[in-house]
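Peer 1: One structure follows; several queries about it will come next.
Number of protein chains: 4
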Amino acid sequence: MRLDTSASGVFPISATPFLDSGELDLASAERLTDFYLERGATGLTILGMMGEAPKLSPEESTAFLKVVLARVAGRIPVVVGVSNPGLSAMVALAHEAMAAGAAGVMVAPLPSLKTEEQIINYYVMVCQALGPDVPVVLQDFPLVLGVSFSVPTLETIFARLPQIVMLKHEDWPGLSKLSRIRRGESERGDRRISILVGNGGLFLPQELARGADGAMTGYAYPEMLADVVQRFRAGDVEGAEDAFDVHLPLIRHETQPGLGLAVRKEILRRRGAIASAHVRSPGPKLDALDLAELTGLMNRLERRMARPA
Amino acid sequence: MRLDTSASGVFPISATPFLDSGELDLASAERLTDFYLERGATGLTILGMMGEAPKLSPEESTAFLKVVLARVAGRIPVVVGVSNPGLSAMVALAHEAMAAGAAGVMVAPLPSLKTEEQIINYYVMVCQALGPDVPVVLQDFPLVLGVSFSVPTLETIFARLPQIVMLKHEDWPGLSKLSRIRRGESERGDRRISILVGNGGLFLPQELARGADGAMTGYAYPEMLADVVQRFRAGDVEGAEDAFDVHLPLIRHETQPGLGLAVRKEILRRRGAIASAHVRSPGPKLDALDLAELTGLMNRLERRMARPA
Amino acid sequence: MRLDTSASGVFPISATPFLDSGELDLASAERLTDFYLERGATGLTILGMMGEAPKLSPEESTAFLKVVLARVAGRIPVVVGVSNPGLSAMVALAHEAMAAGAAGVMVAPLPSLKTEEQIINYYVMVCQALGPDVPVVLQDFPLVLGVSFSVPTLETIFARLPQIVMLKHEDWPGLSKLSRIRRGESERGDRRISILVGNGGLFLPQELARGADGAMTGYAYPEMLADVVQRFRAGDVEGAEDAFDVHLPLIRHETQPGLGLAVRKEILRRRGAIASAHVRSPGPKLDALDLAELTGLMNRLERRMARPA
Amino acid sequence: MRLDTSASGVFPISATPFLDSGELDLASAERLTDFYLERGATGLTILGMMGEAPKLSPEESTAFLKVVLARVAGRIPVVVGVSNPGLSAMVALAHEAMAAGAAGVMVAPLPSLKTEEQIINYYVMVCQALGPDVPVVLQDFPLVLGVSFSVPTLETIFARLPQIVMLKHEDWPGLSKLSRIRRGESERGDRRISILVGNGGLFLPQELARGADGAMTGYAYPEMLADVVQRFRAGDVEGAEDAFDVHLPLIRHETQPGLGLAVRKEILRRRGAIASAHVRSPGPKLDALDLAELTGLMNRLERRMARPA
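Residue numbers (this note's numbering), protein chains in the order written: chain A, 32 to 340; chain B, 32 to 340; chain C, 32 to 340; chain D, 32 to 340.
And the structure:
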């Protein structure tokens with residue numbers, strides 16, 4: 032199974048579970064994979080930034096991806112984040128992942144890239160090094176990476192590099208950007224790319240209306256993301272937005288930069304998906320007040336979900 | 032009326048209205064002031080970043096602040112943004128504003144400040160230059176200004192500079208920060224400062240629970256902000272959060288960096304508060320799709336507000 | 032006299048002299064203008080960043096530019112920095128400057144510009160607003176402004192906007208960039224643009240060898256810059272570099288970000304060009320150690336200059 | 032041999048040599064170590080940023096450090112760069128290095144650290160994790176890392192963490208900073224720290240005069256750095272500066288951000304210290320013009336060195 036431009040639906044960005052001691056928790060990795068599968072995931076993304084990939088050793092990355100790929104067992108495509116300051120390490124991990132059954136890899140731009148010419152050249156270099164058989168997801172996440180892609184730059188990259196099959200869209204604001212890309216495809220005949228949105232899904236209904244194919248994000252209630260995408264596709268636009276709005280207070284909470292990962296892992300723990308909410312050092316931690324606040328927000332969500340529409 | 036540390040409630044960050052031609056629209060300035068007054072404002076902030084202050088000439092700033100101050104006529108305190116790359120221009124505007132009846136001024140850190148020692152020295156210099164009779168609001172807005180304040184830095188500033196009476200809090204994430212400041216006051220006996228929150232109010236209920244005194248932000252439905260603060264103070268915490276959540280989809284939409292100002296002015300125009308949604312160049316503009324999307328979000332809001340709780 | 036693409040030689044970036052009290056010192060403005068004229072300036076640039084332009088009121092800017100333009104009396108072209116967060120203020124100052132006899136204006140990109148498409152659109156908007164009769168110098172200064180131009184972006188701008196006649200080149204590193212631009216002109220027939228280099232002239236000999244037409248920078252010994260350019264053009268490449276290297280220790284010292292302006296003004300004061308080295312607040316100040324260190328460096332320079340080649 | 036606060040002289044930042052194929056070149060690693068030892072190194076730093084450490088696999092880092100430490104054979108202290116986004120990987124490498132005979136480790140702040148409180152907490156956490164027996168060098172390099180240390184922050188860190196024995200000082204401008212730290216030691220009795228300067232040595236004579244103990248930088252003529260430090264200590268301040276100024280044109284050239292590493296490796300290759308100037312991808316490359324320009328600068332240097340003083 033190779034990722035292609037028809038990919039759609041919900042690809043959760045998987046957390047990487049650790050024990051309280053900080054060790055990789057492969058049992059939870061299996062449980063978490065099941066959690067995503069049972070809640071409507073149409074794909075899965077592992078070893079992304081929210082997967083604490085830079086804090087894993089190469090051996091840990093390998094162990095984790097093998098466990099997840101085995102658990103998925105080909106039922107849905109798995110994308111592996113391979114961003115790395117060195118090209119050869121990136122290529123090594125990508126080839127290892129593909130050999131183990133991954134559907135494609137995700138590559139974020141290096142934070143040191145300053146001009147769009149440099150960005151384009153970087154993706155050309157990366158694709159050449161990966162070889163044409165590795166489908167690539169381009170991650171556009173300026174808030175955290177400090178690298179911005181204009182629409183013409185994305186169009187240049189997509190035109191030159193057919194192996195880039197998906198855009199992980201998390202520019203902010205980014206609604207017009209989505210519309211412009213889709214307009215280029217419909218009006219000028221550009222190759223249609225799969226676009227999954229990130230940022231915790233903060234603008235998912237609006238992004239679907241502008242042409243997104245779904246979400247690639249780690250919000251800890253992936254079943255809602257799946258439900259919203261499904262309703263939207265079935266034509267129930269308002270119903271999709273209603274379902275979404277119920278979760279918006281918690282999405283907003285989980286989207287806090289840095290801290291959000293600790294929130295997300297704690298929700299996953301409470302929902303039984305992982306054994307420990309441990310985030311590797313250096314990383315955010317929740318104190319008693321944070322935990323009580325989260326309880327309040329989760330209780331409100333439960334009550335809202337229980338209410339008839 | 033001088034601003035002091037007891038300030039609370041809702042201080043809308045006023046837009047600066049222009050005609051479609053780009054000229055300052057003083058008639059709309061009066062109408063907008065009335066709009067804020069009628070919707071529960073307990074104070075008002077003008078010439079902030081969202082007031083497009085850097086795009087006004089000194090003469091325009093003076094004209095605008097005089098019109099607003101005359102219209103307010105002492106009913107609520109008015110804070111005037113005076114941030115400026117030059118100290119003497121800042122002082123001149125501040126003194127002009129105070130002479131015209133302002134209650135205080137707001138000062139953001141210069142984007143060139145790199146260390147917290149530089150930040151502290153900057154506020155010391157600013158306060159000395161303004162003189163002790165000018166109450167100061169410190170704006171903590173790292174996302175846009177690129178300058179971060181740790182809690183110890185804020186505490187040092189508040190301890191050294193008694194004329195700083197208020198923190199405009201818009202760090203993100205910033206919930207723990209609020210709690211830490213309040214803890215320093217209650218446990219260590221630090222001087223209690225007024226804290227009003229920004230960021231469009233995106234976390235207002237959580238921030239009130241952690242000790243904020245209200246909001247200083249320009250969300251185009253200030254009556255909701257006032258309602259939330261009032262309910263919260265009356266002990267109706269869940270009711271406050273319910274009232275807030277109804278607006279969250281639109282708050283989220285208006286909080287988009289850069290673009291949000293165009294959204295906000297368009298809502299204010301639709302609500303009859305200003306004659307034109309014009310944003311001065313260079314600035315964001317809404318296209319037909321953006322306008323239709325906003326209509327959809329506003330319609331959903333109207334329906335939600337019409338629904339019995 | 033209108034600036035055009037044939038401009039070359041040395042355009043000092045003029046300091047803006049103040050009295051110790053901080054007031055604009057127009058008498059020193061005249062003296063400083065003479066200083067530049069007598070030391071080989073082939074043009075002059077005022078109200079740049081190093082001219083503390085953002086700390087001048089509109090009235091001060093006008094007063095200063097009129098005094099300088101009157102003193103120059105048409106002998107050399109004068110470029111006026113007009114960068115401003117607001118477009119209409121920029122246009123007003125530019126038109127005022129041109130009416131008073133300026134040869135052109137200089138425009139830096141707004142620090143908020145993130146993509147090269149935004150940069151291009153910004154210069155298109157600026158040129159439209161200025162009108163076709165205002166020659167424009169584009170300032171490329173990523174270190175301070177945080178905005179990077181790739182060569183293709185510059186080429187697009189130069190191709191679309193004929194009124195941009197000069198590039199103030201201070202990217203760092205920037206030597207290959209210069210070569211690429213010149214290659215585009217010679218090999219592809221692009222319009223030849225005037226390129227003057229900044230950064231205190233830190234790489235002037237190398238930049239001349241790669242096709243720069245001279246320097247636009249405020250190093251406090253402009254006669255050396257003029258000498259280097261002249262020798263280089265006369266074919267004495269090694270002699271140019273010898274003359275330059277003598278000054279390199281002091282150039283390096285004056286190129287320190289932020290602090291450099293205080294160093295520069297102190298040298299200008301010691302050389303009799305201005306009455307006071309005052310830098311407006313907030314701004315860098317030299318302490319006793321800094322002043323003694325500068326004395327040492329200037330003494331070494333004097334000794335080196337006195338030595339036979 | 033443990034690094035302590037008495038460290039001084041010249042600790043070259045070692046390049047990491049690769050074959051043209053990109054493979055680690057351990058034979059050149061030995062040759063390069065000899066090169067540094069023969070040219071006056073009083074210490075050596077490996078696996079720093081200029082050593083392309085983030086592009087090495089853990090196995091390569093281990094192999095390289097073992098070869099270098101074996102070659103040095105205890106003659107001079109070797110500092111190992113261990114900066115890593117994950118704390119446990121940092122600790123593992125540090126302990127491995129110390130076990131293999133390293134004298135200490137160097138830790139740069141994470142680019143994500145925003146406030147000085149976060150910086151302080153980070154170093155506290157790092158030192159706790161490393162354990163008290165690992166001497167630490169703190170790297171202060173805002174230009175590249177985007178993290179700034181004020182003098183009070185450094186003083187707090189040095190006071191709280193006795194195992195930090197050295198400051199690698201490459202703030203820019205940073206001369207006053209040096210003086211302030213030394214003043215705190217002499218006037219207030221702060222613990223005296225070793226300070227070695229970086230930035231290619233661009234301000235070495237001035238920094239020595241302000242209290243630096245030497246240089247920790249990779250300039251490809253380390254014998255000059257050693258000579259300058261020695262002359263300065265012998266009281267020949269002007270002689271030190273004369274020796275330095277001869278090299279300043281090339282230092283300036285090698286200090287170009289990003290590109291400088293390619294220049295440095297090419298000089299080392301030409302000087303016979305390494306077999307290939309290969310920089311791992313993604314990384315800078317020199318074209319024919321760059322190489323010819325470098326030849327010119329090196330020729331000028333040779334001529335200057337041959338000239339009687």
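Don't be surprised by glycine CBs; every beta carbon is placed ideally from N, CA and C.
Return the chain-ordered ranges of every alpha helix (DSSP H) run that is complete within the segment 136 to 191 of chain A and spans a minimum of 4 residues.
Peer 2: Taking only runs of at least 4 residues, the alpha helix (DSSP H) segments lying wholly in the segment 136 to 191 of chain A are 147 to 161, 173 to 176 and 182 to 191.
Peer 1: Whole-angstrom Cβ separation of VAL310/A and LEU292/A, contact assumed at under 8 Å?
Peer 2: Right, the Cβ-Cβ distance comes to about 6 Å (below 8 Å), so this counts as a contact.
Peer 1: Which residue from GLY71/D, ARG211/D and VAL98/D puts its Cα closest to that of ALA61/D?
Peer 2: Contrary to the premise, residue 61/D reads as Glu rather than Ala in this sequence. Of the listed residues, the one whose Cα sits closest to GLU61/D is VAL98/D.
Peer 1: For a cutoff of 7 Å on Cβ pairs, would you count PRO183/B as touching chain D?
Peer 2: Yes, PRO183/B lies at the interface with chain D (some Cβ there is under 7 Å from its Cβ).
Peer 1: Where does GLY215/A sit, in a helix, a strand or coil, going by DSSP?
Peer 2: Here GLY215/A sits in helix by DSSP.
Peer 1: Output needed for GLY314/D: all residues of its chain with C-beta closer than 6 Å, excluding positions within five of it in sequence on either side, in chain order.
Peer 2: Hits under 6 Å: none found.
Peer 1: Between VAL178/B and the rest of its own chain, which residues show a CB-CB distance below 6 Å, the 5 nearest in sequence each way excluded?
Peer 2: PRO140 and LEU144, listed in sequence order.
Peer 1: For SER312/B, go through chain D and note every residue whose CB falls closer than 7 Å to its CB, in chain order.
Peer 2: Within chain D, no residue comes near SER312/B; the closest Cβ sits about 31 Å away, beyond 7 Å.
Peer 1: What is the DSSP secondary structure of GLY79/B, counted as helix, strand or coil?
Peer 2: Looking at GLY79/B - three-state DSSP - the assignment turns out to be coil, as it is neither helix nor strand.
Peer 1: Kindly indicate the opening and closing residues of the alpha helix (DSSP H) around GLY270/D.
Peer 2: It spans 268 to 285 - the alpha helix (DSSP H) in which GLY270/D sits, taken as one unbroken run.
Peer 1: Going by alpha carbons, who is nearest to GLY289/C out of PRO204/D, LEU239/D, ILE305/D and ILE44/D?
Peer 2: Checking every option, the nearest Cα to that of GLY289/C belongs to PRO204/D.
Peer 1: Once DSSP output is grouped into helix, strand and coil, what is the label at HIS309/D?
Peer 2: Looking at HIS309/D - three-state DSSP - the assignment turns out to be coil, as it is neither helix nor strand.
Peer 1: Interface residues of chain D around THR216/C at Cβ under 9 Å?
Peer 2: The amino acid at residue 216/C is misidentified as Thr; the sequence shows Glu. Residues of chain D passing the Cβ test: none, with the nearest at roughly 16 Å.
Peer 1: Quick one: grab the DSSP three-state call for PHE234/A.
Peer 2: Coil.
Peer 1: My assumption, with CB atoms under 8 Å, is that LEU96/A sits in contact with LEU78/A. Please give the rounded CB distance.
Peer 2: Going by Cβ atoms, the distance from LEU96/A to LEU78/A rounds to 7 Å, so yes, they are a contact pair.
Peer 1: DSSP three-state call for MET32/B: helix, strand or coil?
Peer 2: Of the three classes helix, strand and coil, the one that applies to MET32/B here is coil, per DSSP.
Peer 1: What residues are listed by DSSP as bridge partners for ALA246/B?
Peer 2: Beta-bridge pairing links ALA246/B to VAL41/B and VAL228/B.
Peer 1: So, is the C-beta of LYS86/A closer than 7 Å to a C-beta in chain D?
Peer 2: Cβ-Cβ to chain D under 7 Å: yes for LYS86/A.
Peer 1: Taking the alpha carbon of GLN331/C as the reference point, which residue from ALA308/D, PHE275/D and ALA319/D has its own alpha carbon closest?
Peer 2: Contrary to the premise, residue 331/C reads as Arg rather than Gln in this sequence. Looking at the Cα atoms, PHE275/D is the closest of the given residues.
Peer 1: Given a threshold of 16 other Cβ atoms within 10 Å of its Cβ, counted over all protein chains shown, does THR47/A qualify as buried or as exposed?
Peer 2: So THR47/A ends up on the buried side.
Peer 1: Residues of chain B with CB under 9 Å from PRO173/A, in chain order?
Peer 2: Simply none; closest approach about 10 Å.
Peer 1: Using a beta-carbon distance below 7 Å, is LYS145/C in contact with chain A?
Peer 2: So, interface residue.
Peer 1: Look at the alpha carbon of VAL268/B and the alpha carbon of ARG283/B, and state the distance between them as a whole number of angstroms.
Peer 2: About 21 Å.
Peer 1: If I follow the unbroken beta strand (DSSP E) through LEU320/C, where does it start and stop?
Peer 2: No beta strand (DSSP E) holds LEU320/C; the alpha helix (DSSP H) holding it covers 319 to 337.
Peer 1: Against chain C, does GLU148/A count as a neighbour if the rule is that its beta carbon must be under 7 Å from one of theirs?
Peer 2: At least one chain C Cβ lies under 7 Å of GLU148/A.
Peer 1: Could you check what DSSP says for LEU50/B in three-state terms: helix, strand or coil?
Peer 2: In this structure, LEU50/B counts as coil in the three-state DSSP scheme.
Peer 1: Taking 8 Å as the threshold, find out whether the segment 105 to 120 of chain A comes into contact with the segment 79 to 90 of chain A through three or more Cβ pairs.
Peer 2: Short answer: they touch.
Peer 1: Name, please, each residue of chain C whose Cβ falls closer than 9 Å to the Cβ of SER119/B.
Peer 2: Within chain C, the residues near SER119/B are GLY53, LYS86, SER88, ARG311 and SER312.
Peer 1: Can you tell me whether PRO253/D is buried or exposed, with buried defined as 16 or more other CB within 10 angstroms of its CB?
Peer 2: It counts as buried.
Peer 1: What residues in its chain sit with their C-beta under 6 Å from that of ASP258/A, if we drop five residues either side in the sequence?
Peer 2: So the qualifying residues of the chain are ALA274.
Peer 1: Thinking C-alpha only, which one of VAL136/B, ILE151/B and SER181/B is nearest PRO163/B?
Peer 2: It is VAL136/B whose Cα lies nearest to the Cα of PRO163/B.
Peer 1: Could you list which residues in chain E have their beta carbon closer than 8 Å to that of ARG283/C, in chain order?
Peer 2: Among the chains of the structure shown, chain E does not appear; the protein chains present are A, B, C and D.
Peer 1: State the DSSP-derived secondary structure class of GLY112/B, mapped to helix, strand or coil.
Peer 2: Correct three-state label for GLY112/B: strand.
Peer 1: Return yes when the Cβ of ALA246/B is within less than 7 Å of the Cβ of GLY232/B, no when it is not.
Peer 2: The answer is yes: Cβ separation under 7 Å.
Peer 1: Where do the N-terminal and C-terminal ends of the beta strand (DSSP E) with ILE107/D fall, by residue?
Peer 2: Looking at the DSSP string, ILE107/D is not in any beta strand (DSSP E), and its letter there is neither H nor E.
Peer 1: Tell me whether LEU87/D sits in a helix, a strand or coil according to DSSP, three-state version.
Peer 2: Of the three classes helix, strand and coil, the one that applies to LEU87/D here is coil, per DSSP.
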